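Structure first, then comments.
Residue numbers (the working numbering): 139 to 425.
Printed below as a string of structure tokens:
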């Protein structure tokens, strides 16, 4: 049987993509008002999740733990399938490490099976772009090992540029100080961030005004992109589709790239970035 591609819900895949391409999407969980949900739980839609955040509710998130990872992976190994796991950045969650440890234990139970676990050092639709590349590689006939090697080569070149609309969510996560959040909010300051080579979310600058922050994402792409290899891009958003589409239109206008996706930032990332987040992902000379 063909090897199974595995990821987690922080890849923010377009709805239906995982099912259409035989991907196992392991779901992280979050708790809101005392009730725990799976990341893709139909009981709480993405718009409703962000509406509740705007109303002041603060979600608590949880990584995939070791036992959950083993439980989710075991059936495919039992079917005789090898696994290629592309997981959320280890600098932002323990999900990669749980999956890695699960793989170590499961190799002892299924010694004839291969399990490769990659730290994507990526987040949101950036991680999703790596998953999509792995699907394409598999469809082109690359073996498990060849595919893993190709994804490892892609990882340092997958740029992530973010802006957020509300500094207070970054304050809660320790990304900015309380004073900076208060002053920035008063002055209309919008932070710019990226994911670095270690998979960490790092502030890189700030601009005044929402429109300027969105345009700065596209300027950043102009500075970093690798024209020879950047044939696609992706956007994710925290319940602000019009802003994400504005950025997509700017990218198409400036660079002529038509192959792209737009998806929601899921709850387990959105709990930390907040409503109004816009993130742009593309292949770059460097992150």
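Note that beta-carbon positions come from the ideal geometry of N, C-alpha and C, so glycine has one too. Keep in mind the model is a prediction, meaning the values are calculated, not measured.
Rounded to whole angstroms, what is the Cα-Cα separation between residue 426 and residue 140?
Residue coverage of the chain in this structure runs from 139 to 425, which leaves residue 426 outside it and unanswerable.
I need the boundaries of the alpha helix (DSSP H) containing residue 359, first residue and last residue.
348 to 362
What does the Cβ neighbour count give for residue 279, buried or exposed, with the cut at 16 atoms within 10 Å?
exposed
Between the segment 184 to 191 and the segment 287 to 300, do three or more beta carbon pairs fall short of 8 Å?
no
Cβ neighbour criterion (16 or more within 10 Å) applied to residue 363:
buried
Return yes when the Cβ of residue 270 is within less than 8 Å of the Cβ of residue 226, no when it is not.
no
Selected residue, minimal CA-CA separation from residue 365, among 354, 389 and 415:
389
Of all the options 233, 187 and 195, which has the alpha carbon lying nearest to the alpha carbon of residue 208?
233
First through last residue of the beta strand (DSSP E) which encompasses residue 176:
173 to 176
Less than 8 Å between C-beta atoms, sequence neighbours within five positions excluded: which residues of the same chain meet that for residue 244?
Correct list, in chain order: 208, 211, 212, 215, 251 and 253.
Tell me where the alpha helix (DSSP H) around residue 89 begins and ends.
Outside the displayed range of the chain (139 to 425) lies residue 89, so it cannot be described from this structure.
Counting Cβ pairs, one atom from each stretch, are 3 or more of them under 8 Å apart for the segment 175 to 188 and the segment 399 to 418?
Three or more Cβ pairs drawn from the segment 175 to 188 and the segment 399 to 418 lie within less than 8 Å of each other, which places the two stretches in contact.
Out of 170, 172, 177 and 168, point me to the one whose CA is closest to residue 146's CA.
177
CB of residue 179 to nearest heavy atom of the ligand NAD: below 7 Å?
The ligand NAD is absent from the structure shown, which contains no ligands of any kind.
Backbone CA spacing between residue 142 and residue 248 [nearest angstrom]
15 Å
Over the uninterrupted alpha helix (DSSP H) stretch that includes residue 289, give me the two end residues.
Unbroken alpha helix (DSSP H) run through residue 289: 282 to 292.
DSSP three-state label for residue 152, please.
coil
Cβ neighbour criterion (16 or more within 10 Å) applied to residue 172
exposed
Mind checking residue 198: buried by the 16 CB within 10 Å criterion, or exposed?
exposed
According to the Cβ coordinates, are residue 282 and residue 357 closer than 8 Å?
no
Using only the alpha-carbon positions, how far apart do residue 286 and residue 413 sit?
34 Å
In angstroms, rounded to a whole number, what distance separates the CA positions of residue 416 and residue 345?
14 Å
Measure the alpha-carbon distance for residue 272 versus residue 181 and round it to whole angstroms.
30 Å
Less than 8 Å separating the beta-carbons of residue 166 and residue 224?
Contact flag unset, no.
Assigned exposure category for residue 316 - 16 Cβ within 10 Å defines buried:
Since pLDDT at residue 316 reaches only 46, below the 50 mark, its modelled position is unreliable, and the value read off the structure follows with that caveat. Exposed.
CA-CA distance, residue 179 and residue 151?
14 Å
Span of the beta strand (DSSP E), counted from its first residue to its last, around residue 422:
Here residue 422 belongs to no beta strand (DSSP E), and DSSP marks it neither H nor E.
Would residue 337 and residue 229 qualify as a contact pair, given that the criterion is a beta-carbon distance under 8 Å?
yes
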